[in-house]
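Each residue of the sequence shown is one higher than the one before, counting from 1 in UniProt numbering. Beneath this line is the structure, given in structure tokens, with notes to follow.
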Amino acid sequence: MPRSLVGGDLAGPEMAQPYMKKDDDDEEVEYSPFFGIEKGAVLQEARAFHDPQLDVRRCSQVITKLLYLLNQGETFTKVEATEVFFAVTKLFQSSDAGLRRLVYLMIKELSPSSDEVIIVTSSLMKDMNSKTDMYRANAIRVLCRIIDGTLLTQIERYLKQAIVDKNPVVASAALVSGILLSQANPEIVKRWSNEVQEAVQSRAPLVQFHGLALLHQIRQNDRLAVSKLVSSLTRGSVRSPLAQCLLIRYTSQVMRESSMNTQTGDRPFFDFLESSLRHKSEMVILEAARKITEMDVTSRELAPAITVLQLFLSSSKPVLRFAAVRTLNKVAMTRPLAVTNCNVDLESLMSDTNRSIATLAITTLLKTGNESSVDRLMKQITNFMSDIADEFKIVVVEAIRSLCLKFPLKYRSMLNFLSNSLREEGGFEYKKAIVDSIITLISEIPDAKEIGLLHLCEFIEDCEFTYLSSQILHFLGNEGPRTSDPSRYIRYIYNRVILENATVRASAVSTLAKFGALVDTLKPRIFVLLRRCLFDTEDEVRDRATLFLQTLGGEVSIGNNEKDAKGFLFGSLDVPLANLEASLRTYEPSEEPFDISLVSREVRSLPLQEKKAPGKKAPAAAAAPAPVAAVDAYQKMLSSIPEFTGFGRLFKSSEPVELTEAETEYAVNVVKHIYDSYVVLQYNCTNTIEEQLLEDVSHCLC
């Protein structure tokens, strides 16, 4: 709960301090001052708002409780909300400043309907013209939050005057309200450009900050206007550090959208970013350094930003150390050599009392370290892991996985570390991250396969998570038969059939069948084990055992050869699930068995359709394609692109999702193509004006 709602001049002193309670061990336990309150009781207390002689203290406490309930997600019925709203409006008769602030908050949180807004509008407009600046500022914020477009025109004149008000609190409130209103009524807010431009030149830091934010929002759809705005302000007219941070963001955005070449002599925007590294405000320096590191710059241009961040690593302020190490961590992902000069400072942060800083320092070192420093880092991390929460451990595990892929010869020490981490206490997400990392290392580093599989088998013996056990068994069935000694894994797998729950037992049966299908020498032993599974108490386990026994024994014919049988049992399903479900629903039991080969492989979805803007003539290029299966058409198109040839078979393509409004000068939509391990986004950009030709179109993730 915000401090302003529970203490100070808004509530009594007894509500400002949480009450204390001692347990049997004489340990003091803190409780919320709102512990145990109920909505019904608070609504009864709200009747105090109707008293002829208002008790300001009591009314403040009741509103604070109502605000607490609303912020905790408590819902009020329409009748309850209406009754509370009308009761709160009666508190306008009080002149107490603290109570009036709570009334403003309550009205804003209740979000009254259009009929109810009319009742309170007159009181709020009266406060807008009050001589008390606090009333004026809060009334503007509340009124703009609850008003609709029809009433906005009536108060527009007051809002424009408030933007240029001498009091920064009033001006800032009007600007923030303009930012909110521009989302629903952009045309009205655009008419305030002159006043907003004047606010941008204000000496008040917050007024300049909010003014710049609103002015950018007004011009955001006009790239040329945004570029001119940035160009004019980068000459040094911005004094507010907050506004300077905003300007740095807008500058980098303009540079990114215009594809400005920073390696040429004409680069005023980049010079502005570089000069911001010498600003007296720390937040401006960090913002400039962060934006420079995100750009495609040369090592020479990147060096000043890295130097500044390195200085912040030894700052006495934890927030600066955290911001610096987090930025360096991101840089290390793509340009590790640029961060190596900071390694000494990063190593000192490994013992930082702030665990977030220490975690980022370690993961950064893992990305920038060389092969000779791996063993030393692993020893330091071992002592560190027991002191951090699971969310930080996951970050470290992912960094270790990346480091192992970078230095594959060090796989033994890293697999041992991951295996030891599996035996420690931890939640599902942490253990899943470790298992996923081991599986990745086994898949990418051939020499790590056997030792990695043994580590997984040892973990599965004591694994308490069904999903992870099933995942490991599935992976073991794919990789285990291809090792030099597949028989060593049979004991671990069959133990799951005996000791685990039904889901894991069923997975274990499938894994045993894979070993029997792929390793001929193990087939007799697998037959014996599968026959024992026929007496399982679970239908799924018995059915799988029966199917695999008959299939591997040749009693059931699936396809023309053993390869077809193995493909049916263990291969990926190349039939769309929707089509398979529809065929099964229409199948009528008869002497003829269900034939999966007769199920249609076509996904019956509409092909890509270019939507044209209403009232405009579509260009010839936007004509509808021939009515063929969408997935087949996409598969043919994508397979012709060399970068996508290794992605495998296309599983599904989505319908086009429009990314632009229908009235824009060009239309853009996106189609998502789903593969087994990849997602491809296809952006379709189409002219809607015949006289206009788009060239050199690029895509940028902002």
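Glycine included, each C-beta is placed from N, C-alpha and C at the ideal position.
Query: Return the chain-ordered list of same chain residues with a C-beta closer than 7 Å to the C-beta of N329, the five sequence neighbours on each side being excluded.; Result: L360, T363, T364
Query: Starting from T153, follow the alpha helix (DSSP H) in both directions and report where the run begins and ends.; Result: 149 to 163
Query: Excluding the five sequence neighbours on either side, which residues of its own chain have a C-beta within less than 7 Å of the C-beta of I381, listed in chain order?; Result: I362, V396
Query: Quick check on S437: does DSSP put it in helix, strand or coil?; Result: helix
Query: If I'm right that F384 touches M414 with Cβ under 8 Å, what's the distance once you round it to whole angstroms?; Result: Not really, about 15 Å apart at Cβ, beyond 8 Å.
Query: I'd like to confirm the pairing. Which residues does DSSP put opposite K131 in its beta bridges?; Result: Note: K131 sits in no beta bridge, so no partner.
Query: Whose C-beta lies closer than 6 Å to the C-beta of N697 among residues of the same chain, with five residues either side of it excluded?; Result: Rather than Asn, the amino acid found at residue 697 in this sequence is Val. C685, listed in sequence order.
Query: When burial is assigned at 16 or more other CB atoms within 10 Å of the CB, is I163 buried or exposed?; Result: buried
Query: Considering L598, what are the terminal residues of the alpha helix (DSSP H) in which it resides?; Result: Note, L598: premise wrong, no alpha helix (DSSP H); not H, not E.
Query: May I have the straight-line CA-CA distance separating R47 from L102, to the nearest angstrom?; Result: 16 Å
Query: Could you check what DSSP says for I674 in three-state terms: helix, strand or coil?; Result: strand
Query: Report the three-state DSSP secondary structure of T121 (helix, strand or coil).; Result: helix
Query: Runs of 4 residues minimum, wholly inside the segment 257 to 305: which ones carry the alpha helix (DSSP H) assignment?; Result: 268 to 276, 282 to 294
Query: Just reading off the beta strand (DSSP E) that N687 is part of, what are its end residues?; Result: 679 to 687
Query: Would you decide whether K636 is buried or exposed? Buried here means 16 or more other CB atoms lie within 10 Å of its CB.; Result: exposed
Query: Does DSSP put K652 in a helix, a strand or coil?; Result: strand
Query: Is Q201 buried or exposed, if buried means 16 or more other CB atoms sit within 10 Å of its CB?; Result: exposed
Query: Reducing DSSP to helix, strand and coil, say where E83 ends up.; Result: helix
Query: Which one of G426, R401, E450, E398 has the shortest CA to CA distance from A389?; Result: G426
Query: On the three-state DSSP scale, how would you describe Y587?; Result: coil
Query: Measuring alpha carbon to alpha carbon, tell me which of Q183, V196, D148, E187 ends up nearest Q161.; Result: V196
Query: So the alpha helix (DSSP H) T368 belongs to, where does it begin and stop?; Result: 355 to 368
Query: For P656, is the classification buried or exposed, using 16 other Cβ atoms within 10 angstroms of its Cβ as the cut-off for buried?; Result: buried
Query: In angstroms, rounded to a whole number, what distance separates the CA positions of I400 and S356?; Result: 17 Å
Query: Kindly confirm or deny that the segment 83 to 91 and the segment 125 to 141 touch, where touching means at least three C-beta pairs closer than 8 Å.; Result: no
Query: Examine the Cβ distances between the segment 238 to 258 and the segment 287 to 295 and report whether three or more of them are shorter than 8 Å.; Result: yes
Query: Helix, strand or coil for A624? Go by DSSP, reduced to three states.; Result: Only weak support is given to the placement of A624: the predicted model assigns it a pLDDT of 37, under 50, and the question is left unresolved by the model.
Query: Please report the straight-line C-alpha distance between N167 and D133, rounded to a whole angstrom.; Result: 7 Å
Query: Should D345 go down as buried or exposed, given a rule of 16 or more other Cβ atoms within 10 Å for buried?; Result: buried
Query: Beta-carbon within less than 6 Å of T660's beta-carbon, same chain only, minus the 5 sequence neighbours each way: which residues are those?; Result: A667, V668
Query: From S487, L366, L233, pick the residue whose C-alpha is nearest to that of R525; which is it?; Result: S487
Query: Here's the rule: buried if 16 or more other CB atoms are within 10 angstroms of the residue's CB, otherwise exposed. What is D165?; Result: buried
Query: From the DSSP output, in three-state form, read off K616 for me.; Result: At K616 the pLDDT is 42, less than 50, meaning the model places this residue with poor confidence; the figure from the coordinates comes in the next sentence. K616 falls in the coil class under three-state DSSP.
Query: Looking only at its chain, what residues have a beta carbon closer than 8 Å to the beta carbon of V117, apart from the 5 residues adjacent to it on each side?; Result: I146, I147, D148, L151
Query: Per DSSP, what kind of secondary structure is D667 in: helix, strand or coil?; Result: Note that residue 667 corresponds to Ala in the displayed sequence, not to Asp. In the structure shown, A667 sits in a strand (DSSP, three-state: E or B).
Query: Between Y411 and L441, how many whole angstroms is the CB-CB distance? I'm expecting something under 8 Å.; Result: 6 Å
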